[in-house]
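A.B. asks:
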Amino acid sequence: MLELRIAGRDFGQPVLGEVFATIDRGDRICLLGPSGIGKTTLLNAIAGLDKSVPDEAVIGRDKLRVGYLFQEHRLLPWRTLHANLRLVGAKADEAERLLGQVGLSGYGHYLPDQLSLGMARRAALARCLAVKPDLLLLDEPFASLDPVMAGELKALIAGILDSHPDMAMICVTHDGGDAEILANRLWYLDGKPARLQWDDAICEPGLIDGLLGRLRDLDLTGS
Amino acid sequence: MKGRAGRPPLWSYWVVLPSFVLLWGLIAWLLQSPLLPTPLNVLDTLIRESATGELWHHLGATLGRVVVAFILAMIIGTAIGIVMGRSPTTNALFDPLLVLLLNLPALVTIILMYVWFGLVEVAAVMAVVINKVPNVAVTVREGARSLDFRLEEMATVYEFTRWQRLREVWVPQLFPYLMAATRGGLALIWKIVLVVELLGRSSGVGFQLHMAFQVFDVAAILAYSLAFIAVVQLIELAILQPLERRSSRWRQPEAAHA
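Protein sequence lines correspond, in order, to chains A and B.
In terms of the numbering used here, the first sequence opens at residue 25 and continues consecutively.
In terms of the numbering used here, the second sequence opens at residue 14 and continues consecutively.
(1) Among A:P58, A:F94, A:G32, A:L66, whose alpha-carbon lies nearest the alpha-carbon of A:D163?
(2) Answer yes or no: do B:L48 and B:F229 have a C-beta to C-beta separation smaller than 8 Å?
(3) Between which residues of its own chain and B:G199 is the CB-CB distance below 7 Å, once the five residues before and five after are set aside?
(4) Give the single residue among B:L114, B:L250, B:T91 whose Cα lies nearest to the Cα of B:R158.
(5) To the nearest angstrom, how far is it from the Cα of A:A203 to the Cα of B:A150?
(6) If you compare alpha carbons, which of B:Q221, B:Y26, B:I95, B:I89 is closest to B:V141?
(7) Taking 8 Å as the CB-CB cut-off, is B:T169 touching chain A?
(8) Give me the Cβ distance between A:V126 and A:L160, rounded to the nearest whole Å; I'm assuming they're in contact under 8 Å.
(9) Within a Cβ cutoff of 6 Å, which residues of the same chain sit near A:R219, ignoring the five residues on either side of it in sequence?
(10) Pick from A:D48, A:R52, A:F44, A:A192: whose alpha carbon is nearest that of A:L66?
(11) For the segment 179–192 of chain B, enumerate the residues whose C-beta is nearer than 8 Å to any C-beta of chain A, in chain order.
(12) By the DSSP assignment, the alpha helix (DSSP H) with B:Y237 in it spans what residues?
(13) Excluding sequence positions up to five away, which residues of its chain have a Cβ less than 6 Å from the Cβ of B:R178?
(14) Would a C-beta distance cut-off of 8 Å place B:I95 and B:W183 closer than the cut-off?
(15) Name, going along the chain, the residues of the segment 117–140 of chain A whose beta-carbon falls closer than 8 Å to a beta-carbon of chain B.
(16) Which residues in the same chain as B:R154 place their Cβ atom closer than 6 Å to its Cβ, once the five residues preceding and following it in sequence are excluded?
(17) Can you name the residues that DSSP bridges to A:Y248?
(18) Skipping 5 residues on each side, what residues in its chain have a beta carbon closer than 8 Å to that of B:F130?
(19) Tell me whether the segment 208–219 of chain A and the segment 170–178 of chain A touch, counting them as touching only if at least three CB pairs, one residue from each stretch, are closer than 8 Å.
(20) Residue ranges of each beta strand (DSSP E) run of no fewer than 3 residues wholly in the segment 150–209 of chain A, ordered along the chain?
(21) For B:R214, which three-state DSSP category applies?
(22) If you run the structure through DSSP and keep just helix, strand and coil, what is B:Y26?
(23) Mapping DSSP to helix, strand and coil, what is B:E67?
(24) With A:I70 and A:I194 assumed to form a contact (beta carbons below 8 Å), what rounded beta-carbon distance in angstroms separates them?
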């Protein structure tokens with residue numbers, strides 16, 4: 025569905041090295057790696073936000089609908105949740121349904137900044153779903169949430185993935201525990217410049233423990 | 014909001030302005046000179062001019078020019094400002110011209126327009142627009158430079174159309190700058206319009222001031238000036254302030270959680 029042939033990305037000094045990978049429907053990738061290694065940079069390159077990464081480096085993106093959950097909610101603060109969803113193409117009843125799905129029934133007329141961090145992030149997740157994405161990009165979706173809210177959001181995302189078997193996901197995180205719940209494939213980004221050190225499919229529940237164990241032994245997770 | 018330099022309390026207007034009128038009346042009464050009429054003389058002139066319909070005719074003419082020039086200047090200035098704020102190349106091209114225009118006296122533009130295009134309405138309005146566009150462009154450029162790149166990225170990912178980007182993402186962020194340009198614009202434009210009318214039109218407050226000046230009719234000069242100040246204040250109170258309140262409601266939303 026998507027083929028990455030990214031040659032690299034410099035910000036004065038090289039940050040990202042060559043990244044070659046293919047992503048198929050139903051792939052649920054957790055992108056792990058130390059802080060500041062370039063995980064978000066890679067995600068932005070895949071999303072087409074990085075103008076210095078040519079379009080040819082991400083083959084197949086122009087045919088995909090992409091939903092991107094940024095670290096901040098990035099909803100338009102002057103528009104209600106309902107209007108924010110309508111803006112990306114959801115019909116009125118669809119917007120209500122999606123807000124209900126993320127646990128925000130009845131909050132359609134609220135402004136994003138009237139919500140708590142966790143609620144605003146769920147609203148932003150509803151917007152991701154409003155575009156009926158083929159590819160869902162999540163940038164540290166559980167960062168700065170308290171453990172209860174993070175757990176709820178994790179369960180919510182897992183449920184969404186289950187009900188959309190054709191959707192692919194890339195989730196940036198530096199917590200291996202997220203991968204155990206969400207991922208069927210693990211990317212590990214490290215090095216200077218950063219490359220994918222691991223691109224493993226997680227086939228059996230036991231395998232991921234082994235992988236995470238190896239990461240912990242190497243003390244590379246950076247969390 | 015600290016009371017230090019913000020809007021003064023309402024009572025100050027009700028104390029200072031009447032005191033000023035009293036002082037003016039006192040001085041005028043003491044001098045007994047036709048060159049300084051009393052407030053009552055001015056009011057008398059105002060009522061007389063209003064009754065003949067002269068006042069409304071000339072106020073209307075001036076207001077029409079102000080509105081047309083204002084709308085044109087805002088549209089052109091906003092477009093130039095956005096492009097300059099977003100594109101370094103355009104900024105490099107236009108910035109020297111802006112500096113030139115910002116320092117060009119209004120009077121020079123007015124004279125040149127009248128010389129080149131004749132004493133016609135289009136020349137009059139053009140002169141005002143040319144004077145105002147650089148101010149709007151500079152103000153809006155500041156706003157365009159401070160547009161939030163995170164929302165730009167969001168708009169790119171979610172494939173906003175050009176129109177959606179302008180209407181939903183840019184204008185709300187530019188709104189404070191547009192309001193600043195509007196405020197400054199209105200104050201500047203109506204003063205320039207008076208000069209334009211004085212120099213080359215046969216209607217409007219500026220034209221009437223010119224007539225009054227020829228016969229040293231100070232009461233008429235003050236009557237027309239005060240009438241137009243009132244009109245501008247009315248626009249501020251009836252249009253600009255409600256607009257500003259309406260459009261900045263989202264800024265301090267009450268928290269729904271807690």
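Backbone N, C-alpha and C fix where the C-beta goes; we use that ideal spot for every residue, glycine too.
C.D. replies: In this structure, then:
(1) A:F94
(2) yes
(3) A quick correction: the sequence has Leu, not Gly, at residue 199 of chain B. Around B:L199: F83, V245, I248.
(4) B:T91
(5) 51 Å
(6) With respect to the C-alpha of B:V141, the residue from B:Q221, B:Y26, B:I95, B:I89 having the closest C-alpha is B:I89.
(7) Cβ-Cβ to chain A under 8 Å: yes for B:T169.
(8) Not quite, the Cβ-Cβ distance comes to about 13 Å (not below 8 Å), so this is no contact.
(9) G41
(10) Considering only alpha carbons, the answer is A:F44.
(11) E181, V182, P185
(12) 231–248
(13) A168
(14) yes
(15) Under the 8 Å Cβ criterion, the segment 117–140 of chain A contributes Y131, Y134, L135, D137, Q138, L139, S140.
(16) G94, M97, G98
(17) No statement about residue 248 of chain A is possible, as the shown extent of chain A runs from 25 to 247 and does not include it.
(18) A136, M139
(19) no
(20) 159–163, 192–196
(21) coil
(22) helix
(23) helix
(24) 7 Å
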